[in-house]
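Quick note on numbering: the sequence shown equals residues -24 to -1, 1 to 158 in mature numbering (1 follows the signal peptide of the UniProt record, and there is no 0).
A short worksheet on the structure shown next.
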Amino acid sequence: MTKKNVQFALITLIFLAVTDFASAQKLPNVDSSPADITYFRPDGRGSEPVAKVVYSRPQKKGREMLGGKEAYGKIWRTGANETTEIKFYRDVTIGNKKVKAGTYSLYTIPNKDKWTIIINSKLDTWGAYQYDESKDVARVEIASGNTEKEVEAFSIAFDGSGGAGNMYLAWENTLVTIPLKY
């Protein structure tokens, strides 16, 4: 057997051992709603951000979510697991409400035709169980619309430039467009 064949055999054995070990593991508390981060960088990837959102992305998995599992008219953490957090790197206006630069919790109250967007100063909470209305910094009602296609995983995205943009919340067939000025 040549040296090259021995090296190939060893690499193959190591790969199989590692693959077998990884697939045999049952890791505790692996989340079915993965965390995600989205930035609003109106001038491209290398530019200074206006906002950053850290959230978990619950999956529809054939269930009715908005108006079902996530009831209309009730406070929602705007994602899964820990409450969604939004950081503004500069002062912004959401709808018609001014919000100073800083990090906040992002709650919503979904309804069929409109959503209440809530910026709250209480941080590091799980779910909406510790929501404290007295810590609200801004509340804005936004009409909801429909997506072109069904969205399986709850998603947040941004677009815009020149001092104005939008934050989008999308899930199932619902799209909420939140205007931002910066």
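In this text, a Cβ means the ideal position worked out from N, Cα and C, and glycines have one as well.
Item: Boundaries (first-last residue) of the beta strand (DSSP E) holding residue 163; Value: The question about residue 163 has no answer, for the chain in this structure spans -24 to 158.
Item: 9 Å Cβ cutoff met for residue 34 and residue 55; Value: yes
Item: Boundaries (first-last residue) of the beta strand (DSSP E) holding residue 146; Value: 140 to 157
Item: CB of residue 104 within 9 Å of CB of residue 53, strictly; Value: yes
Item: Buried or exposed (CB count within 10 angstroms, at least 16 for buried), residue 46; Value: buried
Item: Counterpart residues of residue 106 in DSSP-defined beta bridges; Value: According to DSSP, which records beta bridges pairwise, residue 106 is partnered with nothing at all.
Item: Three-way DSSP call (helix, strand, coil) for residue 15 in this model; Value: strand
Item: Residue nearest to residue 42 in terms of C-alpha spacing, selected from 71, 73, 89, 101; Value: 89
Item: The stretch 10 to 25 contacting the stretch 124 to 138, beta-carbon criterion three pairs below 8 Å; Value: yes
Item: Delimiting residues of the beta strand (DSSP E) encompassing residue 51; Value: First-last for residue 51: undefined, no H or E at that position.
Item: Host beta strand (DSSP E) of residue 80 (start-end); Value: 78 to 86
Item: Own chain, CB closer than 7 Å to residue 113, minus 5 neighbours either side, in chain order; Value: 75, 80, 95, 96, 97
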